[in-house]
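Visitor:
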Amino acid sequence: MNIRSTRLPDGRYFLFYDFLEPHWTSVTGSNPSIEDSPRIGLDHSSELRWNPVLAEWVVTAVHRQDRTFLPSVAKCPFCLRTEEGGEIPGDYDVAVLANRFPSLQPNPGSPSIEESALYPVRPSQGVCEVILYSADHQRTLSQLPVEQIYKLVLVWTSRYSQLSSLEFVKYVFIFENKGEAIGVTLHHPHGQIYAYPFCPPRISAELMQSKLHHDKTRSM
Ligand SMILES: [Zn+2]
Numbered sequence: 088m089n090i091r092s093t094r095l096p097d098g099r100y101f102l103f104y105d106f107l108e109p110h111w112t113s114v115t116g117s118n119p120s121i122e123d124s125p126r127i128g129l130d131h132s133s134e135l136r137w138n139p140v141l142a143e144w145v146v147t148a149v150h151r152q153d154r155t156f157l158p159s160v161a162k163c164p165f166c167l168r169t170e171e172g173g174e175i176p177g178d179y180d181v182a183v184l185a186n187r188f189p190s191l192q193p194n195p196g197s198p199s200i201e202e203s204a205l206y207p208v209r210p211s212q213g214v215c216e217v218i219l220y221s222a223d224h225q226r227t228l229s230q231l232p233v234e235q236i237y238k239l240v241l242v243w244t245s246r247y248s249q250l251s252s253l254e255f256v257k258y259v260f261i262f263e264n265k266g267e268a269i270g271v272t273l274h275h276p277h278g279q280i281y282a283y284p285f286c287p288p289r290i291s292a293e294l295m296q297s298k299l300h301h302d303k304t305r306s307m
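Using the working numbering, the letters of the sequence shown map in sequence onto residues 88 to 307.
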């Protein structure tokens, strides 16, 4: 697996993952620096707000209402760049790019509201990426060949490794929202990676329960 990186016209990074025979499971090439990423969008567009009742951080993102919504195939931003649309600068096997509408980013703007002793506020620092499973717009994950899914798992592993090494990242969440009912706005086969600056409460609770169970039984 060879990693090549480039920048999109708006400064976001774009990573090509090329799988070259015969050693396509070993990793060559390098990742771009995440810390150098330019800020996407306006200042004062999102922040972390502390919910003192539930004792948890809430990620707000007021700038995401203008997202591209279910475009035609010709205008799909995850297909190759053409006269009509598409953002992708070259053919790819598996690819990763910085999210165009991030809730969390490495160099976030300042919060839109003042904090108080009861309601602390923090910049929304983190990383939001999109991972493109295939250049074929019509496929879904379940329709991809097993070899392609294996490549995807290798890329997940690579992204997890880089993002979890960032000083400001406490939890990396790799996921796919599927179907319009849950808010998918683009049909091209893709998933997402969120690198959070805190461990989400549900994950913390699961880890705590796992530890309690292990301490009690000495088994997993
Ligand atoms: Zn597409």
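C-beta atoms are modelled at their ideal positions from N, C-alpha and C, and glycine is treated no differently.
1) Hey, is F101 close to ligand 1, as in C-beta under 7 Å from one of its heavy atoms?
2) Would C215 pass as a contact of N186 if the rule is Cβ separation under 8 Å?
3) Quick one: complete beta strand (DSSP E) runs, 3+ long, within the segment 220–281?
4) Give the DSSP bridge partners of V183, in chain order.
5) Taking DSSP as the reference, what is the three-state secondary structure of I175?
6) How about F165 and L241: do their beta carbons lie closer than 8 Å?
7) Assuming R94 is part of the beta strand (DSSP E), what are its boundary residues?
8) Please say whether Y179 and A222 have beta carbons closer to each other than 8 Å?
9) Using the three-state DSSP reduction, which class does T147 fall into: helix, strand or coil?
10) Got a sec? Which residues, its chain only, sit under 7 Å from R168 by beta carbon, not counting five neighbours each side?
Guide: Short version:
1) no
2) yes
3) 258–262
4) L102 and I218
5) strand
6) no
7) N89 to R94
8) yes
9) strand
10) E174, I175 and P176
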